[in-house]
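Going by UniProt numbering, the first residue of the sequence shown is number 1, and it counts up by one from there.
We treat Cβ as the ideally placed atom computed from N, Cα and C, and that holds for glycine.
So the structure is just underneath, and the comments pick up after that.
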Amino acid sequence: MGTVRLTTAQALIKFLNQQYIHVDGEEFAFVEGIFNVFGHGNVVGIGQALEQNPGHLKVIQGKNEQGMAHAAVAYSREMLRRKIFAVTTSAGPGSANLIAAAGTALANNIPVLLIPADTFATRQPDPVLQQLEHEHSAAVTTNDAFMAVSRYWDRITRPEQLMSSLIRAFEVMTDPGKSGPATICIAQDVEGEAFDYDERFFDKRVHYLDRKAPVDRELNGAAERIKESKKPIIIVGGGARYSGARDILIKISKKHNIPLVETQAGKSTVESSFANNLGGVGILGTLAANKAARQADLVIGIGTRYTDFTTSSKTAFNFEETKFLNINVSRLQAYKLDGFQVVADAKTALEQIAPLLEGYETEYGETLAEWKEEWLIERDRLSKVAFNRENFIPEIKNQFSQEVLNEYSDALQTELAQSAALIAINDTVKPDSIVVGSAGSLPGDLQRLWHCTVPNTYHLEYGFSCMGYEISGTLGAKLANPKREVYSIVGDGSFLMLHSELVTSIQYNHKINILLFDNSGFGCINNLQMENGSSTFFCEFRTHDQQIMNIDYAKVAEGYGAKTYRVNTVEGLKAALKDAEKQTVSTLIEIKVLPKTMTDGYDGWWNVGVAEVSEQESVQKAFEARQEKLKIAKQY
């Protein structure tokens, strides 16, 4: 048995270069590259190893630890979890900045390798710069916080520990049933320590993503429940997309007239133009999809976690009549809502269930076409919504008085409605463009209004809905789709949270397009507080003397080196989009829109903790309304 003497960091990089994945007969490298922000905890360890020999790994310098990790998460998602970037940071605040991104990856079941530096294993120089101290234990560090947001977590305090730890981490990341972030914290002194590693540790390793097939009991049980139903629906979740289940979903839906409704993660698995695709379901759903959910006697969940936004906080279905059939590679998710469980790959399971449904037909008849047409008419209406200085905007939201809405129009110099702007973008950009979003009111408008005519072109991070993901995620999506136009749909609130990776996109010539909707505030949460009886309170962007802020975001991006535009009309927006498409550098289009002009309603409901005791009558009424809704909600 031969050995090779390497530092822990050099062994890490050598190992990453030898990890391959095998999916449906294809084999390719699993680790594409490594994002870094170097600090004293990793620059002379992992930094030295990368400088000496990065192998095939692409090394990208991030500008913010959370931002670059979000880019890595988005890349993996766009690659259907079959390729990853690793992320390395310094100790202390550098590693702590990864926490939100780790949570994003975990909530969305996305594999990413996080390698934060840790304190000294020897403890000789303790407390080192940026080290926290606890009276109850010297072993606790900042990196213990990753335990709650990692699928796999380990701390390396000796060089030889790296071997078993990395093998465990890659087993987790390449298992579709428990895929998620793996965090390996490496003590900063250990990164530079040498060890005689077994040469076989660096042999090429192939991780097989074999499709788990359902057993006969699952197949027969699923087919029996479908054939017994009269009005089933299929919820297309993210698992359906990662499985590549588009063709079999269309085949089953078309043959048996079963409607498809989508989660944020599942949207664009099947294109919006497919006749039986009724769009998003739940709180942010279309009226067509929510009508189908309300009438369904069987809900077939394909790779969905059944979050509150999908189930309208468990009020979207008639639980007295509705049964659930769950197809999921995760046993945990398959058990949701007390459904019949098929623990299997979505595509494989559906392909094997399909022959057992011969002769089956739902009772929908022409209803699905009628519901879809009704929604398309509503979407067309929303595309033409226009500002009225006398009688609000007819009619999306009107919690503000006409006077306040006019104040916003004057301050932002705009009469543009958010819904009209978004549909104009959808109608203008190339059909194969990738659209990326995450937080605020825009995900609701996107799920309802964005039509995907090309599969897998919609990228919404809504498992964690992490503000600041949008621009970083767009960079990750661009790395995965270098020949496509990629658009970040971001509100001004999220832009202010995090936009540092715009600089990274310019630095490495990965052109992205940022479509910044500016309504001068945290508009989504302002809607929520006012809808539940409160007054507007600390969600608008106002100065100390209560003037509406009008920030020049285009100037910020221009300073970084982006091509920028300022628009406040549909015509100006379309012209800017056309010109931005011609650019070779990253672009930002600042779109001034009025607040309260996003979509709302359509038979969705969100359970939030309304104050049970209040001096305001409006809050009291909101609490009573919540109690009524809870009467039809389920606990499981």
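In the DSSP secondary-structure assignment, residue 526 is not bridged to any residue. Ranking 308, 165, 191 and 44 by CA distance to the CA of residue 182 puts 165 first.
Secondary structure at residue 566: strand, using DSSP grouped into helix, strand and coil. Distances from the CA of residue 583 to each of 256, 319 and 564 were compared; the closest alpha carbon is that of 564.
If you look at residue 495, you'll find it in the alpha helix (DSSP H) that goes 492-497.
Within the region 173-234, the runs of alpha helix (DSSP H) at least 4 residues long that lie entirely inside it are, in chain order, 188-191 and 216-228. Annotated as distal: residue 476 and residue 228, with beta-carbon spacing of 8 Å or more. For residue 290, the enclosing alpha helix (DSSP H) has its first and last residue at 287-295. In this structure, DSSP gives residue 619 a helical state, which the three-state scheme calls helix.
With fewer than three CB-CB distances shorter than 8 Å, the region 462-473 does not count as touching the region 543-554.
Cα atoms of residue 530 and residue 26: separation of roughly 53 Å, rounded to the nearest angstrom. Less than 8 Å divides the Cβ of residue 548 from the Cβ of residue 407.
In this structure, the CA atom of residue 410 is about 43 Å from the CA atom of residue 76.
Contact fails between the region 188-196 and the region 327-334, because fewer than three Cβ pairs, one in each stretch, are under 8 Å apart. Put simply, the backbone Cα of residue 106 is about 19 Å away from that of residue 335. Inter-residue distance for residue 550 and residue 592 is about 9 Å (C-alpha atoms, whole angstroms). Only residues of its own chain outside the window of five on either side were considered, and among them 418, 441 and 445 have a CB closer than 6 Å to the CB of residue 598, listed in chain order. When DSSP states are grouped into helix, strand and coil, residue 360 belongs to the coil group. Within the DSSP bridge table, the entry for residue 487 names 435 and 513 as partners. Two segments are said to touch when three or more pairs of C-beta atoms, one from each, lie closer than 8 Å; by this definition the region 146-161 touches the region 173-191.
According to DSSP, residue 445 shares a beta bridge with no other residue.
Taking the Cα of residue 272 as reference, the smallest distance to any Cα among 450, 427 and 351 is reached at 450. Shown here, residue 375 sits in a helix according to DSSP, grouped into three states.
DSSP places residue 256 in no beta strand (DSSP E) but in the uninterrupted alpha helix (DSSP H) bounded by 246-256. Judged by DSSP secondary structure, residue 478 falls within the alpha helix (DSSP H) whose first and last residues are 469-480. Per DSSP, reduced to three states, the secondary structure at residue 503 is helical.
Straight-line measurement puts the Cα of residue 590 at about 50 Å from the Cα of residue 203.
Straight-line spacing of the CA atoms in residue 634 and residue 238 works out to 24 Å. Partner residues in the beta bridge of residue 341, as assigned by DSSP, are 326. If you look at residue 459, you'll find it in the beta strand (DSSP E) that goes 458-460. If you draw a straight line from the Cα of residue 116 to the Cα of residue 169, it comes to about 14 Å.
Judged by beta-carbon spacing, residue 340 lies within the 8 Å limit of residue 225, meaning their Cβ atoms are closer than that value.
Bounds of the alpha helix (DSSP H) holding residue 70 are 65-78. Residue 572 sits in a helix when the DSSP states are folded into three classes.
Taking 8 Å as the cut-off, the Cβ atoms of residue 437 and residue 443 count as close. Between residue 270 and residue 298, the gap from beta carbon to beta carbon reaches 8 Å or more.
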